Each structure stands twice: as C-alpha cells, then as structure tokens.
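Written out below as structure tokens is the structure these notes cover.
Structure follows, in structure tokens:
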C-alpha cells in the first residue's frame, strides 16, 4: 500500500508543479512570445478549464477500465500536454498544451482517491487520501519554486520539459507500484451518474465550490497584499508564498487522521476556522496569518473527498473526479469574486472578506447536508436519499460511522 501511495503522491507532485508554476513564469512567457502579461494569464485559465471539462468526461470514459490502466492513461495525457507546452511554436499552441495538461487533472485525483481508499486498512482511508494530496502541497514548497527558478534562468520551455520528465517518472511508478484493481462488477456510466441523485453528494460538491473558494479569494492576491498592504519588499513575496505552501502541507497532513476520526466535524471546523482567520486577516494583514489561512482551508480537502466517495457507494469514480472539478471552480470563482471587490475600490483586503463570506456559505451548505440527513444504514448497507426521495442502494460502507 505504501509504495502504491508513493507512486500516487509522485504523480500529484508533478501535476501540482505543472498547475502552479505558470503563475511565476507569466512575465517570462509574455516576453518570449511577444504578448502582454494579462494575455499570458489566460494560460492559467486554459489549464483550469481543462480540469473542469476533463474531470467528468475522462472519468466517465474510463468507468469500464481497470483503475490502474485508467491512472496510467491519464498520466500519459498529462505527459503529452506538458510536452506540447514545452515544444509549442507559438502562444496558441502553448494555450492548447496547457488545456491538454489540465484535462486529466481532476479525473486522476478522483480515481487516485478511490484507489487509495480501497488499498487502505479500515480506519485509515482519510490518511490515504491525504497522502496523495501531500504530493500536491509539497509541489508548492519544492516543485514550483525550483521549476520557476529554472524557467527564469533557462527559459520556460526547460520548465515544462522537467515537468514532462516528472510525469514520465510518475508513469513508471504507477505501472510498477500500483496493484491491479479490476473494474467494479457492474460499472457503467449510468450507474456512475446515479451517484448525483444522492442529495449528500451534491451538497458536498456545493460545499467545495463555495467553501474552498474562500481560500483562493485571498490567496490569489497575496503577492500584492504583501507589497501594497504589509509594506514588505518584493523579495519578501517568495517567503510569504512559501509560508502559504507550509500552511497547505500542515492542513493536508492534519486532515488525514482527523478525517478518519470524524470527517464531518473536521469539515465544519475547517470552514468555520477559515471564515474566522480570513476575517482576522482583513483587519490585521500579517504574514503570521498566512500559513493558518491555508492550513485551515486545506483541512477540508480530505473529508470532503472521502465523504463523496462514501456516499457515491459502488459508483465513486465520476463523483470523486467531479469533486476536483468543484475545487477548481472554487479557485476560479474565488479569484473572480475577490477581484470584483478590489476593482470596486474596496481595497486589497476586501478579497479576504469575500473569502470569509464564501467560507460561511460553504459552512451553511455543509450544515444543510446534516439537516437533510436520512437513515444511513440498513442491513449493513449504505443508503442515500435521491433528489426525488427514493432510496439508492449502495455498497458496504468503508468508513462506517467515522464519517459522521
């Protein structure tokens, strides 16, 4: 199990590096391809759109595949997208490469989370999911700064070639270390879609969209807040962002055991804590609060993913992948709404207040799931209420009552 989780974490490290490194390379790309930095910023959007589009489509296309085969296929997509980015002859091709690299992102993390929960011993499913996400957060501490420095000295193409090499290493690790898991006996797209008739699954996805949006409403403008509000030199931005990466890692590391102990309370605490810390940050913008913002924000990742898998029962692949689409919609929505507040003249710290509001909305959606709860266990089976009120049968609950 540990070797398989290592292979999944290496993959997550590569994907995380590819996703976030472009933000530090925008001036380099703009100068090389003779475009403006705001226009180059569309490369960030191209990747995010790829994630949102690719997560449900690729997960749906692979429902009849073995999960190991699906993981290696998705990683091959990732390698191809980054190689296209590295060799792109112009800006349009680079946009296409970024979109292609984003396509497998959500589906990969969704399938990897399902594989991790199936491999984990009972009572350690949250830790297994969190171990994969640690690869993503470590990318922000090691992979992104290192790849950015490489791109600044050797050119942005060198960065994407290195990310491509990490993808190839991950592909080999997946092939060698992840055990074969056959497709579910009755796997079908229709069965996977039935998971979205479960009210709880939809409410968990809604919690991710709003609650996690609070994180990025503040995080996206952290560089400007550092120089314009905190009054620190531009050289301090790197260290403040490194604090954010440390906070992400702490949050994900804590999320694993806390999810195994009590998933719902962990999510509640994350959302409430995020709202409070962001509100405090809007009043006292200090580097001291940067790590706590990201720590409490990323604390919600493992419990939400684990509960989506739980209530999707024996058809979890599409729902788990869609949860990562929800997280990326949260990224885009939080950045957009925070930007609207700043553009309206309310100041840089208004984005943090917007984030606090989004966290409160996410908490409300999460509490609505609790209010809507129906009896969950019947003869050892998990059941959920569909949107029309019907009961949907599920598989034996892998988490038991620890999810609530």
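In my numbering, the protein residues as written are 2 to 405.
C-beta: ideal position from N, C-alpha, C; glycine also.
If you're wondering where the values come from, they're calculated on a predicted model, not measured in any experiment.
In or out: residue 287 buried (at least 16 other Cβ within 10 Å) or exposed? Here residue 287 is exposed. Its C-beta has fewer than 16 other C-beta atoms within 10 Å.
Distance between beta carbons of residue 364 and residue 269, contact taken as under 8 Å: About 7 Å separates the two Cβ atoms, so the contact holds.
According to DSSP, what are the bridge partners of residue 430? Look at the range of the chain in this structure, 2 to 405, and you will see that residue 430 is not part of it.
Where residue 157 falls, given that 16 or more other Cβ within 10 Å makes a residue buried: Taking every protein chain shown into account, the CB of residue 157 has 16 or more other CB atoms within 10 angstroms, so this residue is buried.
Cα-Cα separation between residue 1 and residue 154, rounded to whole angstroms: No information on residue 1 is available, as it lies outside the stretch 2 to 405 that the chain covers here.
Exposed or buried, what is residue 227 when buried is set at 16 or more other beta-carbons lying within 10 Å of its beta-carbon? In summary, residue 227 is buried, with 16 or more beta-carbon neighbours lying within 10 Å of its beta-carbon over all protein chains present.
Within 10 Å of its beta-carbon, does residue 1 have 16 or more other beta-carbons around it, so buried, or fewer, so exposed? Residue 1 lies beyond the stretch modelled for the chain, which goes from 2 to 405, so this question has no answer here.
Are residue 23 and residue 53 touching if we call contact CB-CB under 7 Å? It is not a contact, given that the beta carbons lie outside the stated cut-off.
Excluding the five sequence neighbours on either side, which residues of its own chain have a C-beta within less than 7 Å of the C-beta of residue 173, listed in chain order? Within the same chain, no Cβ atom closer than 7 Å to the Cβ of residue 173 is found once the five residues on either side in sequence are excluded.
Taking residue 358 as the reference, give the member of 175, 218 and 162 with the closest Cα. Of the listed residues, the one whose Cα sits closest to residue 358 is 218.
Select from 124, 7, 223 and 337 the residue whose C-alpha is nearest the C-alpha of residue 258. Checking every option, the nearest Cα to that of residue 258 belongs to 124.
How far does the alpha helix (DSSP H) with residue 107 in it extend, from its first residue to its last? According to the DSSP assignment, residue 107 belongs to the alpha helix (DSSP H) that extends over 92 to 120.
In whole angstroms, what separates the C-alpha of residue 87 from that of residue 78? Residue 78 has its alpha-carbon roughly 14 Å from the corresponding atom of residue 87.
Going straight from the alpha carbon of residue 5 to that of residue 352, what length do you get? Straight-line Cα distance between these residues: approximately 40 Å.
Taking the beta carbon of residue 3 as the centre, do at least 16 other beta carbons fall within 10 Å, making it buried, or is it exposed? The residue is exposed, with fewer than 16 neighbouring Cβ atoms inside 10 Å.
Taking all protein chains shown into account, do 16 or more other C-beta atoms lie within 10 angstroms of the C-beta of residue 349, making it buried, or fewer, making it exposed? Answer is buried; the Cβ neighbour count reaches 16.
Option in 131, 144 and 51 with minimal Cα separation from residue 103: Residue nearest to residue 103 within the set 131, 144 and 51 is 51 (criterion: CA-CA distance).
State the Cα-Cα distance for the pair residue 89 and residue 346, rounded to the nearest angstrom. Taking the straight line joining both Cα atoms gives about 39 Å.
My assumption, with CB atoms under 8 Å, is that residue 212 sits in contact with residue 272. Please give the rounded CB distance. For a cut-off of 8 Å, the C-beta gap from residue 212 to residue 272 is around 5 Å, short enough to register as a contact.
Residue 60 versus residue 71: straight-line alpha-carbon distance, rounded: Those two C-alpha atoms are separated by around 9 Å.
Residue nearest to residue 101 in terms of C-alpha spacing, selected from 130, 76 and 14: The candidate whose alpha carbon is nearest that of residue 101 is 76.
Taking the alpha carbon of residue 214 as the point to measure from, which residue in 360, 367 and 145 has its own alpha carbon closest? When C-alpha distances from residue 214 are compared across 360, 367 and 145, the shortest belongs to 360.
Leaving out five residues before and five after residue 297 in sequence, what residues of the same chain have Cβ atoms less than 7 Å from its Cβ? Apart from the 5 residues on each side of it in sequence, residue 297 sits with its Cβ closer than 7 Å to the Cβ of 252, 271, 274, 275 and 278 in its chain, given in chain order.
Helix or strand or just coil, what does DSSP make of residue 383? Note that residue 383 scores 40 on pLDDT, short of 50, meaning its location in the model is unreliable and no value can be drawn from it.
Quick one: using the 10 Å Cβ neighbour count with 16 as the cut-off for buried, is residue 91 buried or exposed? Residue environment analysis places residue 91 among the exposed positions, since fewer than 16 neighbouring C-beta atoms fall within 10 angstroms of its C-beta.
So, using beta-carbon positions, are residue 145 and residue 83 closer together than 7 Å? Pairing residue 145 with residue 83 gives a Cβ-Cβ distance that is not under 7 Å.
Measuring straight from C-alpha to C-alpha, what distance separates residue 94 and residue 85? If I take the Cα positions, the gap works out to 8 Å.
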